[in-house]
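Enquirer:
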Ligand code: PEP
Ligand code: MG
């Protein structure tokens, strides 16, 4: 951006703010033209950077400075810096004409629990004006301008109830995540950014259980170097001082693509070159720089390294050898780094669960990725709505693999976590505890709900619930068992 802006200033004598906005716009349009939902959403991030520079140059007020009273914000699009500039209590919610569910603003809204509706179309901007009353229902994804009194009353009542529940849960953020009979569960957060790590701390997370590093790689035309990666790991660790930060090495392939590292077209990308398979076959470009950055961050914070898409113990051994090589390279260069960093694996391929005993001999921990484990166990694309009925993380087949992984971990003195979406579903919490899970990792906004579910659980009853679920005929029966459990708890 800087190079393009400087060139334009020199060639055309335009103002700095015009030049940076033109440079960002050109790159944003390129991203949008790629036809990829995730990358198109990054265009908003680029425009956001340009807007920040413009504000710095012109002294223009940020959104937070302009918003004097609590309000719903209506805009074409919002960048993450717009959102972060508004004190949380002044942002009642936001509605966007543009934006998608994978846009940074949506990810932040989900993580921070801000009601939001996006992708409403340009008509929104004509229909909304300052001072008008709006009813925004983030759960239903609806926005009503000038709503009838009864709808407003209904939503106000629902919001009040939710705020009361949230306040009660917030008050519990400092309570320990222990079961009624005193079994401690490590309650940690999934986070991709320092902002999410901050939200995780506010909700009482004991650390980060899954730092997805793809965001740093996806947003850019070139691969981030070791220093840039180190800066991200440091920034996340700084939000949760002294707490374990589990960083997953790059997990691309499948449906995730990198402009800086184009992947060949494959017949079956989810069964192809993805996750650790890419890291191991491209150590110089992908895995080694990341391992060096993680070892350096590990000198300052309790970093744990987690490998995605592991199928066999041999893959873990190859990664361990690369970790030793990364350490030797840092040593030779006299760069400070951790002597030892825990190296764990994700259990998201059925083979890894079935080989869990062998894996647990050398892995320092397991983290079960129920999103992919469900997809691969049920042979059912997690993003394909035609087969969505089969995609059931509560299928006893998936539960059996979770149990196998936990048993193998414990047999070797390791801990077993769940970091897939199921880990953030409070209905499933007693079941996962009963299956033997030691750590639950979820989106920051889900932390209070999972904490409450842990605290309502009795381990022996949870073990009986898990037995019943494993013997169930299918996911519907498991759902019923969970519904009965929560009805009995009054939760
Ligand atoms: C999973 O597969 O459950 C997981 C946590 O990884 P991702 O959703 O990033 O594939
Ligand atoms: Mg996965």
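In this note's numbering, the protein residues as written are 802 to 1292.
All residues carry an ideal CB built from backbone N, CA and C; glycine is no exception.
1) Can you give the beta carbon distance from residue 806 to residue 817, rounded, assuming they're within the 8 Å contact cut?
2) Is it a yes or a no for the segment 1206-1224 touching the segment 859-874, going by three-plus beta-carbon pairs under 8 Å?
3) What first and last residue would you give for the beta strand (DSSP E) that runs through residue 1243?
4) The beta strand (DSSP E) that contains residue 1169, what's its start and end?
5) The beta strand (DSSP E) with residue 893 in it runs from where to where?
6) Where does residue 1172 fall in DSSP's three states?
7) If we count the other Cβ atoms within 10 Å of its Cβ and call it buried at 16 or more, is residue 1112 buried or exposed?
8) Along the beta strand (DSSP E) that carries residue 938, what are the first and last residues, could you check?
9) Can you tell me which of 1123, 1250, 1216 and 1278 puts its alpha carbon nearest to the alpha carbon of residue 973?
10) For ligand 1, list every residue whose C-beta falls under 7 Å from any of its heavy atoms, going in chain order.
11) Should residue 1072 go down as buried or exposed, given a rule of 16 or more other Cβ atoms within 10 Å for buried?
12) In the DSSP assignment, the alpha helix (DSSP H) including residue 1200 goes from what residue to what residue?
13) Could you give the first and the last residue of the continuous alpha helix (DSSP H) run that contains residue 1047?
14) Anyone know if the C-beta pair for residue 1146 and residue 1155 falls short of 8 Å?
15) Run through the segment 825-876 for me and flag every whole alpha helix (DSSP H) of 4 or more residues, listed as ranges in chain order.
16) Measuring straight from C-alpha to C-alpha, what distance separates residue 1244 and residue 910?
17) Could you check the C-alpha separation between residue 966 and residue 1024 for me, to the nearest Å?
18) Decide if the segment 1216-1234 is in contact with the segment 1164-1171; the criterion is three or more beta carbon pairs, one per stretch, under 8 Å apart.
19) Can you tell me whether residue 1285 is buried or exposed, with buried defined as 16 or more other CB within 10 angstroms of its CB?
20) Using only the alpha-carbon positions, how far apart do residue 1275 and residue 1131 sit?
21) Considering just the uninterrupted stretch of the beta strand (DSSP E) at residue 1104, what are its terminal residues?
22) Once the 5 residues before and after residue 926 are set aside, which same chain residues still bring their CB inside 6 Å of it?
23) Is the beta carbon of residue 1284 within less than 7 Å of some heavy atom of ligand 3?
Expert: The answer reads as follows:
1) Working through the chain shown from its first residue, we reach residue 806 at position 5. Working through the chain shown from its first residue, we reach residue 817 at position 16. About 7 Å; that satisfies the 8 Å criterion.
2) Too few Cβ pairs lie closer than 8 Å, so no.
3) Within the chain shown, residue 1243 is the residue found at index 442, counting from 1. Start and end: 1240-1243.
4) For the purposes of this step, residue 1169 is taken as the residue at position 368 of the chain shown. Here the beta strand (DSSP E) through residue 1169 covers 1166-1169.
5) In the chain shown, residue 893 corresponds to position 92, counting from 1. From DSSP, the beta strand (DSSP E) with residue 893 extends over 892-897.
6) Within the chain shown, the letter at position 371 stands for residue 1172. Residue 1172: helix per DSSP, three-state reduction.
7) Counted from its first residue, the chain shown places residue 1112 at position 311. Residue 1112 should be labelled buried.
8) One-based indexing of the chain shown puts residue 938 at position 137. Residues 935-938.
9) Start at 1 with the first residue of the chain shown, and residue 973 comes out as number 172. Answer by Cα proximity: 1250.
10) 1011, 1013, 1052, 1109, 1147, 1149, 1170, 1171, 1172, 1173, 1174, 1220, 1221 and 1222
11) On the chain shown, position 271 is the one that residue 1072 refers to. Result: exposed.
12) Locating residue 1200 in the chain shown gives position 399, counting from the first residue. Residue 1200 -> alpha helix (DSSP H) spans 1197-1212.
13) Here the question's residue 1047 lines up with position 246 in the chain shown. Not the alpha helix (DSSP H): residue 1047 falls in the beta strand (DSSP E), residues 1046-1049.
14) Taking the first residue of the chain shown as 1, we reach residue 1146 at position 345. Taking the first residue of the chain shown as 1, we reach residue 1155 at position 354. It is not a contact, given that the beta carbons lie outside the stated cut-off.
15) 838-859 and 864-867
16) Here residue 1244 is taken as the residue at index 443 of the chain shown, counted from 1. Here residue 910 is taken as the residue at index 109 of the chain shown, counted from 1. In this model, residue 1244 and residue 910 are separated by some 11 Å (Cα to Cα).
17) If you number the chain shown from 1, residue 966 lands on position 165. If you number the chain shown from 1, residue 1024 lands on position 223. The alpha-carbon atoms of residue 966 and residue 1024 are separated by roughly 43 Å.
18) yes
19) If you number the chain shown from 1, residue 1285 lands on position 484. Counting Cβ neighbours within 10 Å, residue 1285 comes out exposed, since fewer than 16 surround it.
20) Numbered from 1 along the chain shown, position 474 holds the residue referred to as residue 1275. Numbered from 1 along the chain shown, position 330 holds the residue referred to as residue 1131. Spanning the two alpha carbons is a distance of roughly 51 Å.
21) Numbered from its first residue, the chain shown carries residue 1104 at position 303. Its beta strand (DSSP E) spans residues 1104-1108.
22) Here residue 926 refers to the residue found at position 125 when the chain shown is read from its first residue. Within the same chain, residue 926 has close Cβ partners 898.
23) For ligand 3, the structure offers nothing, since it holds only ligand 1 and ligand 2.
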